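To start, the structure under review is shown below, and the notes come after it.
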Amino acid sequence: MDRTNAPRRLPRLIGRLAVWLASASLACALPAFADQLGQHNDLVNKFISDMHADPLVADCAAHGNFVASTSTAFDHVEFPPSSFDSAHAAVTPWNDSFDEGKQKVKVDSIVTVEGLGIPQGGGDPSQLKFRCGYVGAQMLAFSWNDPVPPLRAHSTASPGSQGARGKHAASGKGSKKNSGGKAKGGATNKSGAKKSKSSGKAVTAKSSAKKSTAKKAH
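For this note's numbering, add 149 to where a residue sits in the sequence shown, where the first one is 1.
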């Protein structure tokens with residue numbers, strides 16, 4: 150009985166172990182997410198209460214601060230009170246796609262806000278512009294003038310390889326021409342063979358006719 154039940158118990162144990170591992174990883178991730186969410190909310194409340202920022206502008210600025218802090222170029226972003234005036238921040242009704250790239254999601258409003266990116270290790274701050282797309286109070290899209298764009302794949306093709314391709318292409322054309330010549334030559338040979346066969350038949354017919362007349366004469 151134990152041997153027959155062992156194969157059935159093994160998948161159950163594996164399933165329970167997978168569920169436990171998933172719950173453990175989720176439990177470890179939840180505190181970090183809660184900390185990030187708490188920091189975000191604290192920053193939003195600070196911008197609204199201390200700098201009289203619009204709630205959507207404050208939310209966009211807090212998200213921009215988090216994204217910029219994950220960059221290799223900046224330690225954090227500073228938002229002086231001037232970041233939230235009409236010259237550096239705006240909420241624009243949109244009702245269209247956020248952009249024409251990967252973020253084609255339709256949004257109701259677009260929020261723009263500017264801040265100062267503080268480099269890692271010190272140095273002169275950089276002017277950063279954040280752009281957020283919202284439907285109601287929910288952010289659905291985000292972009293910013295990241296000074297560290299993603300790396301582009303470099304082409305591995307070289308002039309030598311292109312020259313080699315050209316040589317192969319030229320040799321291919323020559324082979325086509327040669328093959329064409331062979332085909333034509335083959336056609337002429339076939340026609341010549343047909344003519345020789347027909348002439349041979351005519352000769353044999355004449356010779357047989359001569360033999361028959363000769364027999365009659367004898």
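For every residue, glycine included, the Cβ atom is placed at its ideal position computed from N, Cα and C. Computed from a predicted model, the values in this text were never measured in an experiment.
Each residue's CA atom was taken as its position, placing His237 and Arg280 some 12 Å apart. With fewer than 16 other Cβ atoms from the protein chains shown falling within 10 Å of its own Cβ, Asn244 counts as exposed. Residue environment: His212 is assigned as buried (16 or more neighbouring CB atoms within 10 Å of its CB, all protein chains considered). In the three-state scheme derived from DSSP, where H, G and I count as helix and E and B as strand, Val206 is classed as helix. Judged by DSSP in its simplified three-state form, Phe228 adopts coil rather than helix or strand.
Following the DSSP letters along the chain, one finds Val260 inside the beta strand (DSSP E) bounded by residues Lys255 to Pro268.
Here Ala222 is not near Gly264, since their CB atoms are 8 Å or more apart.
The beta carbon of Pro204 is closer than 8 Å to those of Val193, Ile197 and Ala286 in its chain, skipping five residues each way along the sequence.
At a Cβ-Cβ threshold of 8 Å, Val240 and Ala290 do not count as neighbours.
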